[in-house]
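All residue numbers for the first sequence refer to our numbering, where the first residue is 147 and numbers rise by one.
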Amino acid sequence: MPAAASTSSSATPAAAGSATAAAAGPGLEGGGLAGPDQAGAAVPLALPKTSQSPELLRIRHSMSHVLAMAVQKLHPQAQVTIGPWTETGFYYDFDNPEPFSEADLKAIKKEMAKIIGRRLPLERIEVSRAEAEARIKAQNEPYKLEILAGLQEPITLYSLGDAWWDLCAGPHVANTSELNAKAFELESVAGAYWRGDETRAQLQRIYGTAWQTPEQLAEYKRRKEEALRRDHRRLGTDLHLFSIEDEAGAGLVFWHPRGARMRLLIEDFWRQAHFADGYELLYTPHVADISLWQTSGHLDFYRESMFGPMQVDERQYQLKPMNCPFHVLTYASTLRSYRELPIRWAELGTVYRYERPGVMHGLMRVRGFTQDDAHVFCLPQQIGDEILRVLNLTERILSTFDFRNYEINLSTRPDKSIGDDAVWDLATKGLIEALDRKGWSYKIDEGGGAFYGPKIDLKIEDAIGRLWQCSTIQLDFNLPERFDLHYVAADGSRQRPIMIHRAIFGSLERFFGIMTENYAGDFPFWLAPEQIRLLPVTDEVLPWAEDLLEQLKRAGVRASLDHSGERLGKLIRNGETMKIPVLAVIGAKEAEARGANLRSRSQGDLGLVAAEQLLAACSAANQGRLPSLPMNLPLNLPTS
RNA sequence: GCCCUUGUAGCUCAGUGGUAGAGCACUCCCUUGGUAAGGGAGAGGUCACGAGUUCAAAUCUCGUCAAGGGCUCCA
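The following block contains the structure:
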């Protein structure tokens, strides 16, 4: 039931995310930075988000008006609707009989530059509702009329020169001369529903970005490319991690040996962490009688999002879209005493959900995925402790993958919900108490909980500042009720247990994608599918290389030997391209010394290292899940 | 599901109605080379799939599937 599994990210790609960006205030000017571009470390330019910069807000707001004016000049039939700013730019939705093409965008951009060059003033005009209505009707703009109907007085217009105006609350720049014609770009055209309602007209949205200086625009583009470089779909192919095969169907993931190896490492770590934290693991079926989902109540609600049922014998079976009913049945399979609680059960459960065509996205949104699902059955008074326990485990697991910054949301009781006030109260207090004890700050989403209980959602921040929702912790008063779960209390009465659903990765597939982008494919040593590649300089040293390979493999190191016969430069290049953490060059010297010359991606040249030292460092790195080799281990090295 | 764009070799792409192309990767040969591409040869494609137009379709039209950018949805 955890929602995180297939929740798409609210990340803003390439948004300003560096630490410096957060620190820098608005109004950064390039002034005084003039100077020769020396090769070397350039200070990364800060790119504030719109919400952090009143200047950018005015620029982008105004830019969307300039866009709309330009579009109506070139496409007189286009009707205007809305055109807000986004965190990195702006957009405007039009109703136009013809779709806009790339060529149109170019022409529109040119027209926009022209408008900016005319130094047109933007003026705020306050009008009566009647006057606004008259002005809109004169221009035959039905969408604007609809917007007007929803507006409170005072009604304000913004004019752009004397030829164009739009309903708008502002704020804007005072004159288009404050806009930089060399610091904006039209980025893409997309479909968008009027008022976000898929039953209403589909409009054409033009996305753009705008900055104060051309340098900022260039930096923004650079970051977009950086995000592209990190794209897990790109890296998944390049590093041979996984694929999605047309012939098999959309949204179904094939884990190739390298990706599968990594997944195994992740799963092993996950299992170990769970056993250590008092969980037991379950395996449950992939299909089951459809009545399970009737009982749980999800069939009615999510039928369209499930793979269709299959008829087997006299029964209807259903491919599982979630694991919870299975864990519930396992709980109910015998009489439970209060002394057994809390019961913590986890499963890497692969589920299938029907996602509509057009929504799939790499590993982030798929039709078959594995949840790291767990259910805690506990007494009401155990909620606080159990939640805290989950928070601690979540942090332990996420930080192992270098996700250390979280954004946390606590969602409380919605209007339509089931359960006693007293239980909701107790549960919500339990969540808050746990968050406070953990010392994590959080935002409260009032009424944002599920109908069956309150929840905590956690978003992780990646290396380039994007947020991804992964973990979720949900209390559930519904399923215990529907499946009539109980335990025998101290007084011999039967009582309902509280059920906690939680997922830490959410979906293994999705987490793998996020993690890949976070590391940009440069995985930490302990996680890399190929940790060390031995590069023989000549064939003469092959015997030693093979010997060393054998030793490494016996020690559990994921090592390989490149015997392609290419020259060293090529071997190095291939190894670096595949982002292998450690390349071990073996020439005559190394063979003689029974060692290898190490070139680490993260640590640079580590020099000649004896086999014993290498093995020890690798083992230490694997055991400690280290990002790189510890080269300062105390060792009894043979002195030769 | 909706809008726009795209689908040519394993990967990145060129090819606008007349015999299917390049680079990288792959195989073989030469080269035994010391920290990001040595040289040569070869193999590899029902041009996503199906229908249509045409003497002739990778190319034009329609449909299907898939991918990309969005919208909507997401237990």
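C-beta: ideal position from N, C-alpha, C; glycine also.
Computed from a prediction, not measured in an experiment: that's the story for all the values here.
Item: Quick one: Cα of R771 to Cα of K605, how far?; Value: 23 Å
Item: For I646, which residues does DSSP report across the bridge?; Value: V522, L621
Item: From what residue to what residue does the beta strand (DSSP E) around D591 run?; Value: 589-591
Item: Would you say V497 and Q517 are within 8 Å of each other, going by their C-beta atoms?; Value: yes
Item: Under the three-state reduction of DSSP, which class applies to F240: helix, strand or coil?; Value: strand
Item: Between which two residues does the beta strand (DSSP E) containing T496 stretch?; Value: 489-498
Item: Between which residues of its own chain and R204 is the CB-CB distance below 6 Å, once the five residues before and five after are set aside?; Value: P317, H318, V319
Item: So for M209, helix, strand or coil by DSSP?; Value: helix
Item: Assuming the contact rule is C-beta atoms closer than 8 Å, F523 and L487 should be a hit. Round their C-beta distance to whole Å, please.; Value: 6 Å
Item: Give the range of the beta strand (DSSP E) segment to which G659 is assigned.; Value: Looking at the DSSP string, G659 is not in any beta strand (DSSP E); the run it does join, the alpha helix (DSSP H), is 654-665.
Item: What number of angstroms, rounded off, separates the C-alpha of D751 from the C-alpha of V728?; Value: 10 Å
Item: Looking only at its chain, what residues have a beta carbon closer than 7 Å to the beta carbon of G576, apart from the 5 residues adjacent to it on each side?; Value: I529, G530, I533
Item: Short check: CB of S323 to CB of R265, under 8 Å?; Value: yes
Item: Taking contact to mean 3 or more Cβ pairs, one atom from each stretch, closer than 8 Å, check whether the segment 237-245 and the segment 205-217 are in contact.; Value: yes
Item: From Y552 to S545, what distance separates their C-alpha atoms?; Value: 10 Å
Item: When burial is assigned at 16 or more other CB atoms within 10 Å of the CB, is N743 buried or exposed?; Value: buried
Item: Taking the CB atoms as reference points, tell me whether V212 and L306 lie closer together than 8 Å.; Value: yes
Item: Helix, strand or coil for Q418 per DSSP?; Value: helix
Item: For a quick check, are the C-beta atoms of L581 and I650 less than 8 Å apart?; Value: no
Item: Does the segment 552-571 touch the segment 617-626, meaning 3 or more C-beta pairs lie closer than 8 Å?; Value: yes
Item: Are at least three pairs of beta-carbons, each pair with one atom in the segment 716-734 and one in the segment 672-684, less than 8 Å apart?; Value: yes
Item: Taking Cβ positions, are L793 and Y366 nearer each other than 8 Å?; Value: Lying outside 147 to 786, the shown extent of the chain, residue 793 is not represented and no answer is given.
Item: DSSP beta-bridge partners for Y598?; Value: Paired residue(s): none; Y598 is not in a bridge.
Item: Could you pull out every unbroken alpha helix (DSSP H) segment of at least 4 residues lying fully inside the segment 254-297, listed in chain order?; Value: 275-285, 288-295
Item: What residue does the beta strand (DSSP E) around Y366 start on, and which one ends it?; Value: Y366 -> not in any beta strand (DSSP E); alpha helix (DSSP H) instead, spanning 360-376.
Item: Leaving out five residues before and five after E450 in sequence, what residues of the same chain have Cβ atoms less than 8 Å from its Cβ?; Value: Y500
Item: Taking DSSP as the reference, what is the three-state secondary structure of V687?; Value: helix
Item: So what's L772 in DSSP terms, helix, strand or just coil?; Value: coil
Item: Within the continuous beta strand (DSSP E) that includes V474, where are the two ends?; Value: Careful: V474 lies outside any beta strand (DSSP E), inside the alpha helix (DSSP H) at 470-478.
Item: Is it right to say D446 is buried, meaning 16 or more other beta carbons lie within 10 angstroms of its own, or is it exposed?; Value: exposed
Item: Going by DSSP, name the residue or residues bridged to W586.; Value: Looking at the DSSP assignment, W586 forms no beta bridge with any residue, so it has no partner.
Item: Should F400 go down as buried or exposed, given a rule of 16 or more other Cβ atoms within 10 Å for buried?; Value: exposed
Item: Rounded C-beta distance between H521 and W491? I'm assuming under 8 Å.; Value: 5 Å
Item: Give the single residue among D377, W340, P230 whose Cα lies nearest to the Cα of G667.; Value: D377
Item: Where DSSP assigns a beta bridge to S557, which residues make up the other side?; Value: D591, K601
Item: Assuming contact is defined by CB atoms lying nearer than 8 Å, are L717 and A691 in contact in what I supplied?; Value: no
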